[in-house]
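J.: Protein sequences appear in the order of chains D and P. Read in order, the letters of the first sequence are residues 1 to 440 in this note's numbering. Read in order, the letters of the second sequence are residues 1001 to 1440 in this note's numbering. All residues carry an ideal CB built from backbone N, CA and C; glycine is no exception. Just so you know, these numbers come straight off a predicted model, no measurement behind them. Quick one: the structure is below, questions incoming.
There are 2 protein chains.
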Amino acid sequence: MSTIRITGIRTIDLRFPTSRFHIGSDAVNKDPDYSAAYCILETDSNFEGHGLTFTLGRGTDLCVQAVEYLSRFVVGRTLESIQLDMASFCRDLIGDTQFRWLGPEKGVVHLAAAALINAVWDLWAKVEGKPVWLLLADMTPEQIVSLIDFRYIDDALSPAEALEILKRNEPTKADRVAKLRANGLQAYTTSAGWFGFSDEKIKRLCQEGLRDGWTHFKLKVGGDAADDLRRGKLVRAEIGWENKLMVDANQKWGVLEAIERTTALKELDPWWMEEPTSPDDILGHARIRKESGVRIATGEHCHSKVMFKQLLQAGSIDVCQIDSCRVAGVNENLAIILMAAKFGVPVCPHAGGVGLCEYVQHLSAFDYLWASATLENRVVEYVDHLHEHFLTPVRIERGRYMLPEAAGYSIEIKPESLAEFAFPNGQAWLEEAKAAETRA
Amino acid sequence: MSTIRITGIRTIDLRFPTSRFHIGSDAVNKDPDYSAAYCILETDSNFEGHGLTFTLGRGTDLCVQAVEYLSRFVVGRTLESIQLDMASFCRDLIGDTQFRWLGPEKGVVHLAAAALINAVWDLWAKVEGKPVWLLLADMTPEQIVSLIDFRYIDDALSPAEALEILKRNEPTKADRVAKLRANGLQAYTTSAGWFGFSDEKIKRLCQEGLRDGWTHFKLKVGGDAADDLRRGKLVRAEIGWENKLMVDANQKWGVLEAIERTTALKELDPWWMEEPTSPDDILGHARIRKESGVRIATGEHCHSKVMFKQLLQAGSIDVCQIDSCRVAGVNENLAIILMAAKFGVPVCPHAGGVGLCEYVQHLSAFDYLWASATLENRVVEYVDHLHEHFLTPVRIERGRYMLPEAAGYSIEIKPESLAEFAFPNGQAWLEEAKAAETRA
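Here's what the structure looks like:
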């Protein structure tokens, strides 16, 4: 326990002008400027806690403002007082009696809660001198259970059931820690298959990916049906049938259309179909899964543990795509990972954007060490951009995440990047504005 | 069609210090300051369109900011260009490629969309010289279908099915318009049963309610189990067993606890149990309904038509409690009302707060005229406060909403109230600040 006190917060509206290069383009998100509401918890020591919530550009200011509001539940507290009952801390943060009307537990206010809760984890891990995944690895089962707010999920996973899972995995954990350190986590690449990329670029990126040791490739679909199939065949021609191909429609279709379109893509032998319809449509996903016979993945827009609970209960998904900052940070994700383990559904985190890869490696490690105790059918998304801005960027070797040993949550961005990409007055944005003026 | 052009927008962060009087207090929302992100669409004519989204105080500024951002989809357009394809207009508003990440279709950004879309309806109705309910009543079935974005719901309700419902009801509609004008809509009162009220106050308000002709009373529950039952018996002693009593837990419980607590309240013969658990728990509500055998109501926190679709598909609810501004305004509500009609579930709108009663009378009229064509088991919530701030407040007679004939959506607030309760610089808030200073 630490007597360090959190004394203040700094926030930054951080935006990268990625839309200029069609990076991150898909059937729905056509022009993302990968962005973040970034926060720094200041303390009465030399330690700082960094956290961010990922956004797509416009509206990041709303998340920043919500982070500033919610910081009243953080600033002034000792780290120890949070550590002693972190479930209650999280519940206070998401339960503000007036603010919760704006959610509850969804959208802007929940994204903001994620930034703050993750920043507390970054601080905690730095104070302990461990990466977050190891901090979690070294806890007792009881400590881990105490991190979780079981409200609204105890019909699917009770504290006793969670404890049982954790205790069952404890004796073999040290062995998995050693394996994890030696071999890392299997990754897959989304960098080759963005919507806005030309055929030539896709082919080249597939070839480069194979050379670099990648075995799992994701392609964005949801355009014209014939063109989706054509682009899929293009990728298959490059990567062969022994490698895995996943397709991602980014919520483009209604349920009936999704069944039709997913079925039409079966000849590509997709390992999964991702986000075929509205992220809120639990029953729709279950129907698409049943009627298409294709493995279904979703989660990056799934806004809370209550929604994940139902995706699992309804048999909607074969792949549980947790997101590190759409739900309320580490704690809510631990609940989701343990539920997925109980239902036997593999966790394959959503990543990319800015900072999501850095975050999720810690969560997948928790899944392997404490929850599922297996790496089978588990892959972590990887997208190769913006890592250069991080103090301790992810380390990828032959298509695998090699786990960090540096203390913290790996999310700290270099001060010069924070300055350059601050919106709207950082140098990068001043130059964007000038360029726009010249074009006009 | 109207060539009037929308030329600008004014927004107001409007907050009423209702928490001082325990008005609106329940098991979860303990201290609401009824508030609104309020907007005024200015035009190149004498007409203005007023709209608001309801909030509970803190965070209203986020909604105001989101309204200002989304106004780019409204300002500069002619009313005609919106009227010609309103479904596309709504879809643009909720589909901004960067902003939608903050939802999608939920929370702050969706609340903001509601304010704007409702303001367009207010403008449209004022230009036509009709109240919104009559504007809708005078449309053709085809026009009404064109107002609805069927994306993500066509597996439950196709445009053809919607058209069929509307056409089936068209021949008898004039008769219902006459009945509606003569008799209004059955209301129920929540004013008697707030959480923070003393026994004496509850008793007095029940007696007053009976005198004023009320037959349906709602009580807030979700406190100590024995106390809930005691307060319920208190109300029953006043209103007898021939009047209806509804209970409302405001999301207090998990699924298992909700089953237990709902069952324990059966001896009160509740007409419905409202919000027994998380508003996102579709499968949880279905289970509570099945295992308790009590009629289940929810919807005021249900954030989109996709969620309502599933509540209907899963057999989760006996009562569909639409909210006029949590989903994206009139248009999304028409979709929900038509789905409810198809599934045979009565629509009993959530109201209260500020402006919600003024709004929902129009939507219930649409339900009766075009969708369900019946008033059976349909009641509209009524709470008796803040109506004095409206230019054309709701008119309640012997427990019934008497429909407005004034043009517009009944939501326009008096200029002097807008000035007095603007946060933080209106006179009411300057006085609050001074009073707080004196107390300190």
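Strictly by DSSP, which residues pair up with Y401(D)?
T.: For Y401(D), which the question treats as bridged, DSSP gives the partners L185(D), I396(D).
J.: Of the residues that make up the segment 87-118 of chain D, which ones have a beta carbon closer than 9 Å to any beta carbon in chain P?
T.: Per Cβ criterion, the list reads G95, D96, T97, Q98, F99, R100, W101, L102, G103, P104, E105, K106, G107, V108, V109, H110, L111.
J.: Going by the DSSP bridge assignment, what does G1424(P) pair with across the sheet?
T.: Before going on, a small fix: residue 1424(P) reads as Pro here, not Gly. DSSP, once it has assigned bridges, lists no residue as partnering P1424(P).
J.: Taking Cβ-Cβ distances below 7 Å as the criterion, which residues of the segment 1150-1165 of chain P are in contact with chain D?
T.: Those would be R1151, Y1152, D1154, D1155, in chain order.
J.: Just mark A1162(P) as buried or exposed, buried being the case when its beta carbon has 16 or more other beta carbons within 10 Å.
T.: Looking at its Cβ environment, which holds 16 or more other Cβ atoms inside 10 Å, A1162(P) is buried.
J.: Give a yes or no on whether the C-beta atoms belonging to E442(D) and Q321(D) are separated by under 9 Å.
T.: No statement about residue 442(D) is possible, as the shown extent of chain D runs from 1 to 440 and does not include it.
J.: Ends of the beta strand (DSSP E) at W1272(P)?
T.: Unbroken beta strand (DSSP E) run through W1272(P): 1272-1274.
J.: Sorted by chain position, which residues of the same chain lie with C-beta nearer than 7 Å to E420(D)'s C-beta, five sequence neighbours on each side aside?
T.: These residues qualify, in order along the chain: G426, Q427, A428.
J.: Does the CB of Q1321(P) have a neighbour CB from chain D at under 9 Å?
T.: It does not; no Cβ of chain D falls within 9 Å.
J.: Where are the alpha helix (DSSP H) runs, 4 residues long or more, that stay fully inside the segment 1092-1163 of chain P, in chain order?
T.: Those alpha helix (DSSP H) runs which fall completely within the segment 1092-1163 of chain P and span 4+ residues are 1107-1128, 1132-1137, 1141-1146.
J.: Answer with yes or no whether the minimum CB distance from H301(D) to chain P is below 9 Å.
T.: So, interface residue.
J.: Comparing C-alpha positions only, which one of L1391(P), R1400(P), E1397(P), K1414(P) sits nearest to A1406(P)?
T.: Selected option, being the one with the closest Cα: L1391(P).
J.: Mind checking whether W370(D) and L338(D) have CB atoms under 9 Å apart?
T.: Cβ atoms of W370(D) and L338(D): closer than 9 Å.
J.: Cβ atoms of R1261(P) and D1228(P): under 9 Å apart, would you say?
T.: The answer is yes: Cβ separation under 9 Å.
J.: Is there a Cβ of chain P sitting closer than 9 Å to that of K30(D), yes or no?
T.: So, interface residue.
J.: Between A440(D) and chain P, is there a C-beta pair that is closer than 9 Å?
T.: Closer than 9 Å: no.
J.: Does the separation of the CB atoms of V294(D) and F54(D) fall below 9 Å?
T.: No. Outside cutoff.
J.: Is L56(D) closer than 9 Å to P32(D) when the C-beta atoms are compared?
T.: Cβ atoms of P32(D) and L56(D): closer than 9 Å.
J.: Helix or strand or just coil, what does DSSP make of K290(D)?
T.: Three-state DSSP puts K290(D) in a helix.
J.: Residues of chain P with CB under 7 Å from A406(D), in chain order?
T.: Here the premise fails: no neighbours, minimum Cβ distance about 29 Å.
J.: Find the nearest neighbour of I259(D) within the set T97(D), E275(D), L245(D), K244(D), judged by alpha-carbon distance.
T.: For the residues T97(D), E275(D), L245(D), K244(D), the minimum Cα distance to I259(D) belongs to E275(D).
J.: How far does the beta strand (DSSP E) with G329(D) in it reach, from first residue to last?
T.: Where G329(D) is concerned, there is no enclosing beta strand (DSSP E), although the alpha helix (DSSP H) it sits in stretches over 329-343.
J.: Tell me the rounded alpha-carbon separation between E332(D) and L1116(P).
T.: If I take the Cα positions, the gap works out to 33 Å.
J.: Can you tell me the Cβ-Cβ gap for A341(D) and S372(D), rounded? I've got them flagged as a contact below 8 Å.
T.: Indeed they touch by this definition, with Cβ atoms about 5 Å apart.
J.: So that I know if they touch, is there some Cβ in chain P lying closer than 9 Å to that of M307(D)?
T.: It does: the Cβ of M307(D) has a partner Cβ on chain P nearer than 9 Å.
J.: Taking Cβ-Cβ distances below 8 Å as the criterion, which residues of the segment 1266-1297 of chain P are in contact with chain D?
T.: So the close ones are T1277, S1278, P1279, D1280, D1281, I1282, L1283, G1284, R1287.
J.: How long is the line joining the alpha carbons of F1021(P) and E432(D), rounded to whole angstroms?
T.: Roughly 51 Å between the two C-alpha positions.
J.: I want to verify the contact list: residues of chain D whose CB lies under 7 Å from the CB of G1426(P), in sequence order.
T.: Under the 7 Å cutoff, chain D gives no residues; its nearest Cβ is about 18 Å from G1426(P).
J.: Give the secondary structure of G1024(P) by DSSP, where H, G and I count as helix, E and B as strand, and everything else as coil.
T.: G1024(P): coil per DSSP, three-state reduction.
J.: Hey, quick one: how far does the beta strand (DSSP E) through G1049(P) stretch, first residue to last?
T.: Its beta strand (DSSP E) spans residues 1048-1055.
J.: For a contact meaning CB atoms closer than 8 Å, what does Q143(D) contact in chain P?
T.: Residues of chain P passing the Cβ test: none, with the nearest at roughly 23 Å.
J.: Could you work out which residue in C325(D), F343(D), R326(D), S292(D) is closest to Q442(D) when comparing CA atoms only?
T.: The structure shown does not extend to residue 442(D), since chain D spans only 1 to 440, so no value can be given for it.
J.: Consult DSSP for Y1069(P) and reduce its assignment to one of helix, strand or coil.
T.: DSSP places Y1069(P) in helix when its eight states are reduced to three.
J.: So L136(D) and W124(D) are in contact, right, with Cβ under 8 Å, and what is the actual spacing, rounded?
T.: Rounded, the Cβ-Cβ distance is 10 Å, inconsistent with contact.
J.: Going by DSSP in three states, H1301(P) sits in which element: helix, strand or coil?
T.: Of the three classes helix, strand and coil, the one that applies to H1301(P) here is coil, per DSSP.
J.: At a Cβ threshold of 9 Å, is V75(D) touching chain P?
T.: No - not a single Cβ of chain P is within 9 Å of the one on V75(D).
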